[in-house]
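Take a look at the structure below.
In the working numbering, the protein residues as written are 105 to 683.
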């Protein structure tokens, strides 16, 4: 096997100042917790200043090895609680000189279901550690684990360690909405990099919506030139290539979503004739909620009766399928609002002849679904396309072998409905996984906030309030109540950040470290080997992990005062706080 030897020499190392803090029994902080972590005699040896990584020649693994080598040698992480108080440090022991990586299958692509398992062995006698994986993507996960086992200045590394690791769920993702507010390319790259550190593997990019169309589609350039917030708030094909390649270098798939037929008001700037109810006020005065034109400001649905709709949309689908090699294509199909389609004269005529809105949606799906599949894509839709109370298609329109449904309403109930119907699902329950909740609504003249009694409307004033704490996310079991066969249809989960009230200034804090909580829950679970929920133990590790990613440049929000970390156990409760 051909190896690339990556070596960096450090000419001098400064002695570290003492790290103050209380001791922590068996202190070792790896996030997410590996499935099997054996360290029978906690010991740390020096890491050689000439430490190097022997990596197979692989386009993406080679760059990852180089990146991790630099991180391992330069990070000099200072834990909040000094591991040396519970770990025997042997500075005179032989240093760890090398990590040798062995990969069985270097051709496996980064697709859903790829083997991400790895084993990591770090001998107590120093010398060479071994990282073995079935695929390059599993080896990347092992490199992250090794990086978290190194700390201090001069660097120490945990030795006498054996790790076997593999994720419980193959789909572990984050959805980010870049239509309501724009995020620069560097924001997206930083997010993907932090996802990789948390062993997440899917960046679900909700690119377009009614508010803006920031993606420059080569065959339909006016969608962005007229529908974006401006030329400085667009993603070019070169930007997409950069983001996709960066994702591959970090073991993260980039899954595009072009939502339609709803959430398409921004298309009207270029093609007003194919969009129903565009630029109309979302909820006119005196109109019942059921007759609104949109569920929030920003109206517009593509008109399934206009042939030009499909000319434009198929151009978009073709270009997006070409720009993004990811085998999944997210078509949206959520929140079809009856009032919007009913406001269109051509649709009014269709309905007057006995047609239904569900037939209209089915016409749209039948006209676009096969075209997406023809590009060798599996189609992901939001659950509404099958489960909506008012407008939905028959299951015959959604072949199970080509369809995945992403659930976001009614928690476990809708997950059960989807998998019991034989469909694969991705879980994004708004009750647990929506990161934007609890910050209030964004309407400018909402009288519900004119209160003098201190009453909190709707648990924070947003439709999906309250705020989802990291514990809420960590403790959610996405296969709860399912049979063994039904649980096999749950591909995994995604947290979601909708951007009505988020932009680059708050991005990191909205996402991290709450998304880290889901990352561990979907990687190794939220229970210990006895089946007990481990959120109490996870608190200390998450504090440490948050501190580490902050040092890596991520502005993650704190989960506790620093005092709690310095005084282990003092911030817990021994009484039930439930009602």
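From the three backbone atoms N, C-alpha and C, an ideal C-beta is built for every residue, glycine too. In this text, all values refer to a predicted model and were calculated from it rather than measured experimentally.
Asked, Found
"Nonlocal neighbours in the same chain, by C-beta distance under 6 Å from residue 369, ignoring five residues either side", "314, 382, 402, 403 and 404"
"C-beta atoms of residue 577 and residue 519 nearer than 9 Å", "no"
"Meets three-Cβ-pair contact criterion under 8 Å: the segment 324-339 and the segment 200-218", "no"
"Sequence-distant residues of its chain with Cβ nearer than 7 Å to residue 299 (five each side left out)", "278, 307 and 356"
"Reference residue 239, options 254, 214, 486 and 456, closest by Cα", "214"
"Residue 444, buried or exposed, once every other Cβ within 10 Å from all chains shown has been counted against 16", "buried"
"First and last residue of the uninterrupted alpha helix (DSSP H) at residue 573", "That residue, residue 573, is in no alpha helix (DSSP H); it is neither H nor E in DSSP."
"Sub-9 Å separation of residue 663 and residue 593 beta-carbons", "no"
"Cβ pair residue 317, residue 327 closer than 9 Å", "yes"
"Residue 379 beta carbon near the ligand PLP (any heavy atom closer than 8 Å)", "For the structure depicted, the ligand PLP is absent and the ligand set is empty, with no information on it obtainable."
"Nearest residue (CA-CA) to residue 540, options 548, 526 and 574", "574"
"Under 9 Å between C-beta atoms of residue 223 and residue 266", "yes"
"Residue 397 vs residue 441 beta-carbon contact at 9 Å", "yes"
"Through-space distance from residue 533 to residue 487, alpha-carbon basis", "11 Å"
"Residues near residue 138 by beta carbon distance below 8 Å, same chain, minus five either side", "249, 267, 268, 269 and 628"
"Contiguous alpha helix (DSSP H) assignments of at least 4 residues, all confined to the segment 361-406", "none"
"Residues near residue 538 in its chain [Cβ-Cβ closer than 6 Å; skip 5 each side]", "568 and 600"
"Residue 506 in three-state terms, based on DSSP", "helix"
"Under 9 Å between C-beta atoms of residue 146 and residue 190", "yes"
"Assigned exposure category for residue 669 - 16 Cβ within 10 Å defines buried", "buried"
"Helix, strand or coil at residue 318 according to DSSP, with G and I counted as helix", "coil"
"Cβ-based neighbour list, residue 524, same chain, cut-off 8 Å, excluding 5 preceding and 5 following", "590"
"Extent of the continuous beta strand (DSSP E) to which residue 155 belongs", "147-160"
"Terminal residues of the alpha helix (DSSP H) in which residue 465 lies", "461-477"
"Among 161, 227 and 547, nearest to residue 197 - alpha-carbon criterion", "227"
"C-beta atoms of residue 136 and residue 651 nearer than 9 Å", "no"
"Cβ shell of residue 352 (< 7 Å), same chain only, five flanking positions each side left out", "164 and 214"
"Residue 167, enclosing alpha helix (DSSP H) - first and last residue", "163-178"
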